[in-house]
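Visitor: Below: one structure in structure tokens.
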Amino acid sequence: MARQNILVIEDEGDILELVTLNLTREGWRVIGATTGEEGLEAAREEAPDLVVLDLMLPGIDGLEVCKALRADARTRAVPIVILTAKGEESDVVQGLEFGADDYVTKPFSPKVLVARIRSVMRRKAQASEAGEGVLKARDLVVHPGRHEVLVRGEPVELTAGEFRLLQFLARRPGWVFTRRQIVQAVRGDGYPATERAVDVQIFGLRRKLGEAEEYIETVRGVGYRFRE
Ligand code: CA
Numbered sequence: 061m062a063r064q065n066i067l068v069i070e071d072e073g074d075i076l077e078l079v080t081l082n083l084t085r086e087g088w089r090v091i092g093a094t095t096g097e098e099g100l101e102a103a104r105e106e107a108p109d110l111v112v113l114d115l116m117l118p119g120i121d122g123l124e125v126c127k128a129l130r131a132d133a134r135t136r137a138v139p140i141v142i143l144t145a146k147g148e149e150s151d152v153v154q155g156l157e158f159g160a161d162d163y164v165t166k167p168f169s170p171k172v173l174v175a176r177i178r179s180v181m182r183r184k185a186q187a188s189e190a191g192e193g194v195l196k197a198r199d200l201v202v203h204p205g206r207h208e209v210l211v212r213g214e215p216v217e218l219t220a221g222e223f224r225l226l227q228f229l230a231r232r233p234g235w236v237f238t239r240r241q242i243v244q245a246v247r248g249d250g251y252p253a254t255e256r257a258v259d260v261q262i263f264g265l266r267r268k269l270g271e272a273e274e275y276i277e278t279v280r281g282v283g284y285r286f287r288e
């Protein structure tokens with residue numbers, strides 16, 4: 061399994077540290093952000109697998125961050141677990157209405173947070189297995205749950221790394237990603253770990269996609285994007 065990335069947006073240093081320590085111990089890679097602005101930027105750049113979001117933040121608050129994440133095609137599908145202080149029940153309700161998946165009330169035990177994160181991730185994985193999150197371009201279908209790619213209805217055999225790469229790009233059509241961003245998003249056991257390896261994977265992917273290779277576009281001097 062590739063290592064999953066969790067973005068933690070929390071302005072209180074000691075809580076951020078505690079959460080980071082506990083999530084890292086569980087095998088996740090943690091990206092920390094201390095303001096809403098910083099968090100949104102990190103969510104767009106790093107494409108995390110889940111966001112832990114404190115509601116009380118300086119500048120744009122957690123609810124605004126939640127709304128912005130859901131409004132952006134790049135981050136629309138990312139699961140969100142909100143952190144809230146006691147007595148902020150109305151904020152919790154609003155957060156869930158804005159598309160958060162679950163919440164944990166402060167002060168919380170790290171074990172409870174880890175359990176909630178696991179449960180949200182499991183739910184998302186099941187939803188994906190049920191066919192949600194299927195990516196469709198004109199004659200190309202990427203089915204994350206089944207790990208299946210179809211070009212004009214014909215299955216295409218991809219390596220796990222190629223699949224992850226295609227899925228990563230296809231999830232955000234039109235967005236250009238640098239090789240470094242791609243490496244960060246898709247690396248893990250058996251996945252490319254260098255920028256050069258990304259080029260090799262892209263080469264292999266294009267060859268296997270045949271006519272559908274046109275969806276993978278090279279942006280000179282920058283990186284790659286999935287054509288809309
Ligand atoms: Ca706070």
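In our numbering, the protein residues as written are 61 to 288. The C-beta atom is built at its ideal place from N, Cα and C for all residues, glycine as well. Predicted model only: the values in this text are computed from it and were never measured.
If I follow the unbroken alpha helix (DSSP H) through A93, where does it start and stop?
Guide: That residue, A93, is in no alpha helix (DSSP H); its beta strand (DSSP E) goes 89-93.
Visitor: State yes or no: is the C-beta of L117 nearer than 7 Å to some heavy atom of ligand 1?
Guide: yes
Visitor: With 16 other CB atoms within 10 Å as the buried threshold, where does V201 fall?
Guide: buried
Visitor: Helix, strand or coil, according to DSSP, for I242 in the structure here?
Guide: helix
Visitor: Which full runs of the beta strand (DSSP E) of 3+ residues lie inside the region 131-187, going along the chain?
Guide: With a minimum length of 3 residues, the continuous beta strand (DSSP E) runs that stay inside the region 131-187 are 140-145, 162-166.
Visitor: Can you tell me whether I262 is helix, strand or coil according to DSSP?
Guide: In the structure shown, I262 sits in a helix (DSSP, three-state: H, G or I).
Visitor: Assign V79 to one of three DSSP states: helix, strand, or coil.
Guide: helix
Visitor: Quick one: what's I66 bridged to in DSSP?
Guide: V90, L110
Visitor: Is D71 near ligand 1, in the sense that its beta carbon is under 7 Å from a heavy atom of that ligand?
Guide: yes
Visitor: Whose CA, out of V174, L123, R206, lies closest to the CA of I66?
Guide: Measuring from the Cα of I66, the nearest candidate turns out to be V174.
Visitor: Measuring alpha carbon to alpha carbon, tell me which of I75, L110, Y284, G270 ends up nearest R183.
Guide: Of the listed residues, the one whose Cα sits closest to R183 is L110.
Visitor: Kindly indicate which three-state DSSP category E72 falls into: helix, strand or coil?
Guide: If DSSP states are grouped into helix, strand and coil, E72 belongs with coil.
Visitor: Could you check the C-alpha separation between F228 and V246 for me, to the nearest Å?
Guide: 8 Å
Visitor: Between the alpha carbons of R285 and L218, how many angstroms are there, rounded?
Guide: Our two residues, R285 and L218, have alpha carbons roughly 18 Å apart in a direct line.
Visitor: Are the CB atoms of V112 and V79 within a distance shorter than 8 Å?
Guide: For the pair V79 and V112, the CB atoms are nearer than the 8 Å cut-off.
Visitor: Could you check where the beta strand (DSSP E) with E277 kicks off and where it finishes?
Guide: First-last of the beta strand (DSSP E) with E277: 276-279.
Visitor: So, is E70 buried or exposed, given that buried needs 16 or more other C-beta atoms within 10 angstroms?
Guide: buried
Visitor: Considering only the beta carbon of each residue, do P204 and E288 sit closer than 8 Å?
Guide: no
Visitor: Which residues mark the beginning and the end of the alpha helix (DSSP H) in which G234 is found?
Guide: Annotation for G234: no alpha helix (DSSP H) segment contains it, and DSSP assigns it neither H nor E.
Visitor: Is F263 buried or exposed, if buried means 16 or more other CB atoms sit within 10 Å of its CB?
Guide: Classification of F263: exposed, given that the 10 Å Cβ count is below 16.
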